[in-house]
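Participant: Here our numbering runs 317 ahead of the position in the sequence shown, where the first position is 1. Even glycine gets a Cβ: it sits at the ideal position worked out from N, Cα and C. None of the values given here were measured: they were computed from a predicted structure. Dropping the structure in here first, questions after.
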Amino acid sequence: MTEFETVIGLEVHVELGTQTKIFCGCAVEFGAPPNTHVCPVCLGSPGALPVLNEEALKLAIRAALALNCTVRQESKFDRKNYFYPDSPKAYQISQYDEPVGEHGFIEITVQGEKKRIGITRVHLEEDAGKLTHSPYGDASLVDLNRVGIPLIEIVSEPDLRTAEEARLYLEELKSIMQYCAISECKMEEGSLRCDANISLREVGQRELGTKTEIKNMNSFRNVQRGLEYEEQRQKKMLLKNEKIVQQTMRFHEESGATVAMRSKEDAHDYRYFPEPDLPRISLSREYSEERRAEIPELPAERRQRFVEVYGLPLYDAEVLTVTKALADYFDGTASRVRDPKSASNWIMGDLLAHVKANGLEMEQVRVKPEQLAELIGVIEKGTISSKIAKNVLKEMLDSGKDAKVIIEEQGLIQISDEGQLREIALRIIATNKKSVEDFKAGKEKALGALVGQMMKETKGKANPQLVNQIMLALISD
318 MTEFETVIGL EVHVELGTQT KIFCGCAVEF GAPPNTHVCP VCLGSPGALP VLNEEALKLA
378 IRAALALNCT VRQESKFDRK NYFYPDSPKA YQISQYDEPV GEHGFIEITV QGEKKRIGIT
438 RVHLEEDAGK LTHSPYGDAS LVDLNRVGIP LIEIVSEPDL RTAEEARLYL EELKSIMQYC
498 AISECKMEEG SLRCDANISL REVGQRELGT KTEIKNMNSF RNVQRGLEYE EQRQKKMLLK
558 NEKIVQQTMR FHEESGATVA MRSKEDAHDY RYFPEPDLPR ISLSREYSEE RRAEIPELPA
618 ERRQRFVEVY GLPLYDAEVL TVTKALADYF DGTASRVRDP KSASNWIMGD LLAHVKANGL
678 EMEQVRVKPE QLAELIGVIE KGTISSKIAK NVLKEMLDSG KDAKVIIEEQ GLIQISDEGQ
738 LREIALRIIA TNKKSVEDFK AGKEKALGAL VGQMMKETKG KANPQLVNQI MLALISD
C-alpha cells in the first residue's frame, strides 16, 4: 500500500495592538457600531493618501525579531489587486517581495523532541472589512470598521508534518506575540486568524503535492480537526488515483468536515505592483536594535529558567509559561516562598481552576502573588493545614482578603499542641475499640478511620502529621 507524507504550512494573521489604523487616524475598536470608524483614506476615496502608522511598523519589526527573522533595512508596500465586497478599494495594501522580516524560525517540542519550524516571512498589511450573510442567502451586510486595521502575516515554511505539530506551532506563536505585547491574539475577536495549506506526497518524493487551503477555523483545536479531516480526504482520493484540485476549503465546526469554497489563487493571480502612494521604508540598524531591546524574556527562555532556577518539572514550566501574565504571577509567588514547587501546585491547581470556572484573565484574579505566597508561608509554618488552606484560598479569591485576616476571623489556626491532641486521641480510641482491634489484626486502613475521627472532631484544625504520630503510638502499645 502506498504511504504518504503530509506537508503543512500556516499563514497566520495577527492584528497589531495599535490605537489607530495603519494608514489613517481612525480608531481601532472591537465591537463598535458598524461603519462608525471609517474615513476617506481607509475607504479608498479618490485623492485620499495613506500615511504609515509608525507604531504598526515598530510592532512588526519587534515581532519579526522575536521570531528570529532578519529585518530588512529596505522594504516597501505593494498593491494586491482583487475584488471582494468587503474591500472598498478593490485592492489591499500589503508587502510582496520585500517584506519587513524573513528567514526566521520557531522551535516546538513534539513528543519530547525539539523541532524547528521555519518562517518564510513576516509582512505588514491592512485588514479588509467583515461580511455578515443573511441566513436566507438573499443579502449580505458589510461592516467596514475593520478595513485598514494593521496586520502582520506570518508565513511558515512547509515544515509541519502533522495536525498536532500545527497546533503546537500556533500555541507557541501566540505566546510569543502576547509576551512581546504585539497583539492580544483573541481568536474570538479575529485578532489572530489562521489559514492552513496542506498537501500529501508519496514518502520519499521531493516535489510537493497539490495543496488546498483551509479557512474559517476559530480555535487551535479546530485547526487541528480541520487538518486531520483534510489529510484523510486527500489520502482517500490519492489512493483512488483521483486528482487533487487546488482550492480554498471552509471548515464546518459542527460536522468537522471541510467543504470547497472556490479555486485557490496563486500570487500571480493578484497582480501585485508597488504601492505608488507610500514611500519605501528605510531602517537604520540602530532603529532595529531599539526594537530588539523591547523584546522581553520569551516563553522558551522562561520555561528553561523555571526548570533550572526553580527546579520545576518541564510539564509545570510549560503550563506556567503559556501566557506572560501567568508566568509573571508564578514568578511573583515563587520568589517569595521556600519551595517553588508548592507555588506551582497551588497555581496550576486551585488558582487556575478558579480562573477557568469564572472565565477570568489572570489580571482579574483578586489574590495577588504576594498574598498567595503568604498563604503558602502559613502552611509551611504549620499555622493551618493544606486542607483548611483550600478553603482559605477560596475565601481569598472571593473577597480579596489576606490569608492571615481570614484565619484570625474564622479561628482556623491549626492545633499542634501534643497534650491537647493526645487527650482527643484517647477519647477517640475509647469509643472506637473495633477500629483499634482491626488495626492490631493487620488492617492498616483502620488507622485512617481513627485519624479521620480526630480530624472531624477538631473540624480539620488538627495537625495531620502530628495526629498520625500520636494515634499510631497509642494504638501500637
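Taking the continuous alpha helix (DSSP H) assigned at residue 650, which residues delimit it?
Facilitator: The count along the sequence shown starts at 1 and reaches residue 650 at position 333. Looking at the DSSP string, the run of the alpha helix (DSSP H) that includes residue 650 is 641-651.
Participant: Starting from the Cα of residue 590, find the closest Cα among 398, 552 and 380 and give me that residue.
Facilitator: By 1-based counting over the sequence shown, the position of residue 590 is 273. Residue 398 is the option with its Cα nearest to residue 590.
Participant: When you compare only the Cα positions, how much space is there between residue 522 and residue 478?
Facilitator: For the purposes of this step, residue 522 is taken as the residue at position 205 of the sequence shown. For the purposes of this step, residue 478 is taken as the residue at position 161 of the sequence shown. Straight-line Cα distance between these residues: approximately 14 angstroms.
Participant: Check whether the Cβ of residue 592 sits closer than 7 angstroms to any heavy atom of the ligand ZN, and report yes or no.
Facilitator: For the ligand ZN, the structure offers nothing, since it holds no ligand at all.
Participant: My understanding is that residue 347 touches residue 524, with C-beta atoms under 8 angstroms, so please give their C-beta distance in whole angstroms.
Facilitator: On the sequence shown, residue 347 is found 30 positions in, with the first residue counted as 1. On the sequence shown, residue 524 is found 207 positions in, with the first residue counted as 1. Contact doesn't hold; Cβ gap of about 43 angstroms is too wide.
Participant: What residue range does the alpha helix (DSSP H) around residue 486 cover?
Facilitator: Along the sequence shown, one-based indexing puts residue 486 at 169. Counting along the chain, the alpha helix (DSSP H) containing residue 486 begins and ends at 480-496.
Participant: Count the C-beta pairs between the stretch 379-398 and the stretch 415-426 that are closer than 8 angstroms, then say yes if the count reaches three, no if not.
Facilitator: The answer is yes - the stretch 415-426 touches the stretch 379-398, with three or more Cβ pairs under 8 angstroms.
Participant: Could you give the C-beta distance for residue 632 and residue 679, rounded to a whole number, given that I count them as a contact under 8 angstroms?
Facilitator: Position 315 of the sequence shown, counted from the start, is the residue given in the question as residue 632. Position 362 of the sequence shown, counted from the start, is the residue given in the question as residue 679. Their Cβ separation, rounded to whole angstroms, is 19 angstroms, which puts residue 632 and residue 679 out of contact at 8 angstroms.
Participant: Can you name the residues that DSSP bridges to residue 435?
Facilitator: In the sequence shown, residue 435 corresponds to position 118, counting from 1. Answer is 422, bridged to residue 435.
Participant: Can you tell me the Cα-Cα spacing of residue 367 and residue 493, whole angstroms?
Facilitator: Position 50 of the sequence shown holds residue 367. Position 176 of the sequence shown holds residue 493. C-alpha separation (whole angstroms): 30 angstroms.
Participant: Just tell me which of 497, 616 and 324 has its CA closest to the CA of residue 426.
Facilitator: Position 109 of the sequence shown, counted from the first residue, corresponds to residue 426. Closest by alpha carbon: 616.
Participant: Indicate whether residue 338 and residue 385 have their beta-carbon atoms separated by less than 8 angstroms.
Facilitator: Here residue 338 corresponds to residue number 21 of the sequence shown, with the count starting at 1. Here residue 385 corresponds to residue number 68 of the sequence shown, with the count starting at 1. Not a contact, by the Cβ cut-off of 8 angstroms.
Participant: Can you check whether the CB of residue 713 is closer than 8 angstroms to the CB of residue 695?
Facilitator: For the purposes of this step, residue 695 is taken as residue 378 along the sequence shown, with counting starting at 1. For the purposes of this step, residue 713 is taken as residue 396 along the sequence shown, with counting starting at 1. It is not a contact, given that the beta carbons lie outside the stated cut-off.
Participant: Rank 446, 327 and 475 by C-alpha distance to the C-alpha of residue 459 and give the top, closest one.
Facilitator: Reading the sequence shown from its first residue, position 142 is the one you call residue 459. Closest by alpha carbon: 446.
Participant: I'd like the ranges of any beta strand (DSSP E) spanning at least 3 consecutive residues and lying wholly in the stretch 355-435.
Facilitator: Complete beta strand (DSSP E) runs here, min 3: 395-398, 408-411 and 418-427.
Participant: In chain order, which alpha helix (DSSP H) runs of at least 4 residues are fully inside the stretch 518-575?
Facilitator: Counting whole runs of 4 or more residues, the stretch 518-575 contains the alpha helix (DSSP H) stretches 537-556.
Participant: Flag this pair as yes or no: are the beta carbons of residue 326 and residue 536 separated by less than 8 angstroms?
Facilitator: To locate residue 326, count along the sequence shown from 1; it is residue 9. To locate residue 536, count along the sequence shown from 1; it is residue 219. Against a cut-off of 8 angstroms, the Cβ pair of residue 536 and residue 326 comes out as no contact.
Participant: I think residue 540 touches residue 513, with their Cβ atoms under 8 angstroms apart; what is that distance to the nearest whole Å?
Facilitator: Position 223 of the sequence shown, counting from 1, holds the residue named residue 540. Position 196 of the sequence shown, counting from 1, holds the residue named residue 513. Rounded, the Cβ-Cβ distance is 6 angstroms, consistent with contact.
Participant: Among 587, 461 and 454, which one has its Cα closest to the Cα of residue 350?
Facilitator: As a first step, residue 350 is located in the sequence shown; it is residue number 33 there, counting from the start. Nearest of 587, 461 and 454 to residue 350, Cα basis: 461.
Participant: Could you tell me the distance, in whole angstroms, from the CA atom of residue 481 to the CA atom of residue 637?
Facilitator: Along the sequence shown, read from residue 1 onward, the residue named residue 481 stands at position 164. Along the sequence shown, read from residue 1 onward, the residue named residue 637 stands at position 320. The alpha-carbon atoms of residue 481 and residue 637 are separated by roughly 20 angstroms.
Participant: Going by CA-CA distance only, name the one from 592, 395, 436 and 601 that's closest to residue 423.
Facilitator: Within the sequence shown, the letter at position 106 stands for residue 423. Residue 436 is the option with its Cα nearest to residue 423.
Participant: When the Cα of residue 704 is compared with those of 566, 730 and 682, which residue comes out closest?
Facilitator: As a first step, residue 704 must be located in the sequence shown, where it is residue number 387. For the residues 566, 730 and 682, the minimum Cα distance to residue 704 belongs to 730.
Participant: Among 517, 526, 558 and 691, which one has its Cα closest to the Cα of residue 546?
Facilitator: The residue you call residue 546 lines up with position 229 of the sequence shown. When only C-alpha atoms are compared, the closest one is 517.
Participant: At the level of alpha carbons, what is the spacing between residue 409 and residue 572?
Facilitator: Position 92 of the sequence shown holds residue 409. Position 255 of the sequence shown holds residue 572. Taking the straight line from one Cα to the other gives about 33 angstroms.
Participant: With burial defined as no fewer than 16 other Cβ atoms inside 10 Å of the residue's Cβ, what is the status of residue 400: buried or exposed?
Facilitator: The residue labelled residue 400 in the question sits at position 83 within the sequence shown. With fewer than 16 Cβ atoms within 10 Å of its Cβ, residue 400 is classed as exposed.
Participant: The alpha helix (DSSP H) with residue 707 in it runs from where to where?
Facilitator: Working through the sequence shown from its first residue, we reach residue 707 at position 390. Element bounds for residue 707: 703-716.
Participant: Check for me: the alpha helix (DSSP H) holding residue 633 runs from which residue to which?
Facilitator: Counting from 1 along the sequence shown, the entry for residue 633 is found at position 316. Looking at the DSSP string, the run of the alpha helix (DSSP H) that includes residue 633 is 631-637.
Participant: Give me the Cα-Cα distance between residue 613 and residue 463, rounded to the nearest whole angstrom.
Facilitator: Locating residue 613 in the sequence shown gives position 296, counting from the first residue. Locating residue 463 in the sequence shown gives position 146, counting from the first residue. In a straight line, the C-alpha of residue 613 is about 29 angstroms away from that of residue 463.
Participant: What's the gap between the Cα of residue 448 and the Cα of residue 357?
Facilitator: Along the sequence shown, one-based indexing puts residue 448 at 131. Along the sequence shown, one-based indexing puts residue 357 at 40. Approximately 20 angstroms between the Cα atoms of the pair.
Participant: Please return the same chain residues whose Cβ sits closer than 8 angstroms to the Cβ of residue 486, not counting the five positions on each side in sequence.
Facilitator: In the sequence shown, residue 486 corresponds to position 169, counting from 1. These residues qualify, in order along the chain: 327, 423, 425, 434, 473 and 477.
Participant: Using only alpha-carbon positions, find the residue among 661, 610, 738 and 643 that is nearest to residue 630.
Facilitator: For the purposes of this step, residue 630 is identified with residue 313 of the sequence shown, where counting begins at 1. Comparing Cα-Cα distances from residue 630 to each of 661, 610, 738 and 643, the minimum goes to 661.
Participant: CA-CA distance, residue 673 and residue 716?
Facilitator: Numbered from its first residue, the sequence shown carries residue 673 at position 356. Numbered from its first residue, the sequence shown carries residue 716 at position 399. Approximately 18 angstroms between the Cα atoms of the pair.
Participant: Per DSSP, what kind of secondary structure is residue 595 in: helix, strand or coil?
Facilitator: Translated into the one-based positions of the sequence shown, residue 595 becomes position 278. In this structure, residue 595 counts as coil in the three-state DSSP scheme.
Participant: On the DSSP letters alone, give me the boundaries of the beta strand (DSSP E) that residue 475 sits inside.
Facilitator: Numbered from its first residue, the sequence shown carries residue 475 at position 158. Premise fails: residue 475 is in no beta strand (DSSP E) and is neither H nor E.
Participant: Please report the distance separating the alpha-carbon of residue 453 from that of residue 665.
Facilitator: The residue you call residue 453 lines up with position 136 of the sequence shown. The residue you call residue 665 lines up with position 348 of the sequence shown. Roughly 47 angstroms between the two C-alpha positions.
Participant: Residue 824 lies in the beta strand (DSSP E); which residues open and close that run?
Facilitator: This structure cannot speak to residue 824, because the chain is shown only from 318 to 794.
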